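Contents: one structure, followed by commentary.
Chains as they are written, first to last, in this note's numbering: chain A, 0 to 268; chain B, 0 to 268.
Printed below as a string of structure tokens:
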């Protein structure tokens, strides 16, 4: 079972019009290089951020390892003044620490990742990240718990637990200061920060406004029609549960064939 | 892709009690040998049947080939007196014929095959049949049109049209006069008559009576709960159809995972 690794295409000098007309409709991840991001890429140094951010207390994730696990929560929440956080996060080893000398910090300013139903532009202002993306078509190989994959250590996954994971195609890229990654709605991403850095996520609604749940501040929830379809499906499954096992299994498989026939995209990519 | 062929187990001298207690609950096909079927196996000769059946007109299927196709209907309906039919059906080549010298005849006395939701005892009174059965678990490989497989020529199927068919496990048996084949509800069967013969099908309801559609004389229809579940599923799919293709595809796959999780049998056999 050979893994499939594909580089995320990188494009330089793309105009807003070119992007919206030709690239955005393809619904594929892309790295945009050389966009005019203003002065932030050079200005947002550790010293500058410490200075302008001041001593306001912020709540942070602290973990002993680089890969934070948002399902089992292998991190603790702690509070630090913003300027202290920036200084600590930029150190290789810490004199002052919460759990270990080489603990990692993550400040998430809003909401929950992944914002699976909105398009996302991840602007790498400073620092480096390695990002692996997975297509929504490969969701069946990702061992989702809610909208998140249980497979964290994607470079050496536990194949006893996740035997199908190698079937998921990996779209890979490295982001450096100034790069902007377009992550279409529904795509999954796995991030490893290779050095201290600041990223800014800009989310935008891809669907018409009325498709979203009005209580959904962060674009995290499923579109209204999808939630409704799932609720209706649960009623169908409850009805099916009246039958003995062999019939339930048989008609469940008929239901799957019906869904595949009526709702799956016909193009295979 | 090696085909899997399994013989249907044959058992001799099984009592009614043994069958009902130990074999019936396993829901697997079985050939019962040496049951007391009375005198029919020796008595129902061509001459005897012609004589007692008389000249009452019966409607028959007439086909140029041995495999009748109940989807595309490669046969014609004709009418013959019962005694004439028996004589013709017992001939190798016909002097009098409708479509060809070696045409085949089939008299189906009631309803439509396969009676997929009822258990079936096929009593081979005279003649020989070769029967191949397929488990409901393999329905996905059978290219169903309604409740019937489109694959007729199971010994050399058109693999361009039916590439997954070889994945279906084949349960095979030959029936001779006096054999009784138990075909559990939902199992598919493919029959080749190797010589003139008479088979008697005895259907019985496996589910409690209230599970069946009351307008379903022949036990052909899906159980009420299954039809209802399918109708509800169609509503879910209609709701999902409000979303653009990529979302529809994504959530359809989530629905499939949900069905597999909630309604598929956990044992794999």
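Ideal placement from N, C-alpha and C gives every residue a C-beta, glycine not left out. What you are looking at is a predicted structure, and each value in this text was computed from that prediction instead of being measured.
Just to confirm, are residue i and residue j a CB contact at a threshold of 9 Å?
i, j, result
"residue 248 of chain A", "residue 243 of chain B", "no"
"residue 81 of chain A", "residue 55 of chain A", "yes"
"residue 272 of chain B", "residue 245 of chain A", "Residue 272 of chain B is absent from the model: chain B starts at 0 and stops at 268."
"residue 171 of chain B", "residue 6 of chain B", "yes"
"residue 95 of chain B", "residue 107 of chain B", "no"
"residue 31 of chain A", "residue 11 of chain A", "yes"
"residue 189 of chain B", "residue 130 of chain B", "yes"
"residue 151 of chain B", "residue 66 of chain B", "yes"
"residue 145 of chain B", "residue 195 of chain B", "no"
"residue 204 of chain A", "residue 118 of chain A", "yes"
"residue 261 of chain B", "residue 228 of chain A", "no"
Would you please state the rounded distance, in angstroms, between the beta carbons of residue i and residue j? I believe it to be under 8 Å.
i, j, result
"residue 191 of chain A", "residue 121 of chain A", "At roughly 14 Å, the Cβ-Cβ gap does not stay under 8 Å, so residue 191 of chain A and residue 121 of chain A are not in contact."
"residue 197 of chain A", "residue 124 of chain A", "4 Å"
"residue 28 of chain A", "residue 186 of chain A", "6 Å"
"residue 263 of chain B", "residue 251 of chain A", "6 Å"
"residue 61 of chain B", "residue 75 of chain B", "5 Å"
"residue 182 of chain B", "residue 132 of chain B", "7 Å"
"residue 85 of chain B", "residue 48 of chain B", "5 Å"
"residue 78 of chain B", "residue 57 of chain B", "7 Å"
"residue 222 of chain B", "residue 206 of chain B", "6 Å"
Just to confirm the assignment, what range does the beta strand (DSSP E) spanning residue i have?
i, result
"residue 120 of chain B", "118-125"
"residue 128 of chain A", "128-133"
"residue 62 of chain B", "56-62"
"residue 105 of chain B", "103-105"
"residue 4 of chain A", "4-6"
"residue 170 of chain A", "169-174"
"residue 200 of chain B", "197-203"
"residue 192 of chain B", "187-192"
"residue 70 of chain A", "Per DSSP, residue 70 of chain A belongs to no beta strand (DSSP E) and is neither H nor E."
"residue 180 of chain A", "179-182"
Go to residue i, then tell me how far its alpha helix (DSSP H) extends in each direction, as first and last residue.
i, result
"residue 81 of chain A", "81-89"
"residue 245 of chain B", "244-262"
"residue 234 of chain B", "223-239"
"residue 52 of chain B", "45-52"
"residue 41 of chain A", "39-42"
Along chain B, in chain order, which residues have C-beta atoms closer than 8 Å to that of residue i?
i, result
"residue 118 of chain A", "Residues of chain B passing the Cβ test: none, with the nearest at roughly 11 Å."
"residue 185 of chain A", "245, 246 and 249"
Run down chain B in chain order and give the residues with a C-beta less than 7 Å from the C-beta of residue i.
i, result
"residue 139 of chain A", "252 and 256"
"residue 220 of chain A", "Those within 7 Å of residue 220 of chain A in chain B number zero; the least Cβ separation is about 12 Å."
"residue 231 of chain A", "231, 234, 235 and 238"
"residue 261 of chain A", "236"
"residue 227 of chain A", "238"
"residue 26 of chain A", "245"
Using the beta-carbon of each residue, which ones in chain A are nearer than 8 Å to residue i?
i, result
"residue 264 of chain B", "244, 245, 247 and 248"
"residue 132 of chain B", "By Cβ distance, chain A contributes nothing, its closest Cβ being about 15 Å from residue 132 of chain B, past 8 Å."
"residue 206 of chain B", "242, 243 and 246"
Under the rule that 16 or more other beta-carbon atoms within 10 Å means buried, what is residue i, buried or exposed?
i, result
"residue 148 of chain A", "buried"
"residue 238 of chain B", "buried"
"residue 141 of chain A", "buried"
"residue 102 of chain B", "buried"
"residue 2 of chain A", "exposed"
"residue 259 of chain A", "exposed"
"residue 110 of chain B", "For residue 110 of chain B, the predicted structure reports a pLDDT of 46, less than 50, and the residue's modelled location is therefore unreliable. The matter cannot be settled from this model."
"residue 17 of chain B", "exposed"
"residue 255 of chain A", "buried"
"residue 224 of chain B", "buried"
"residue 128 of chain B", "buried"
"residue 159 of chain A", "exposed"
"residue 50 of chain B", "exposed"
"residue 169 of chain B", "buried"
"residue 253 of chain B", "buried"
"residue 21 of chain A", "exposed"
"residue 154 of chain A", "exposed"
"residue 137 of chain A", "buried"
By the criterion of Cβ-Cβ separation under 7 Å, what are the contact partners of residue i in chain A?
i, result
"residue 241 of chain B", "224"
Which residues of chain B have a Cβ atom closer than 9 Å to the Cβ of residue i, listed in chain order?
i, result
"residue 135 of chain A", "245, 246, 248, 249 and 252"
Is residue i close to chain E, meaning its C-beta is less than 9 Å from at least one C-beta of that chain?
i, result
"residue 210 of chain B", "Structure shown: chain E not included; protein chains present are A and B."
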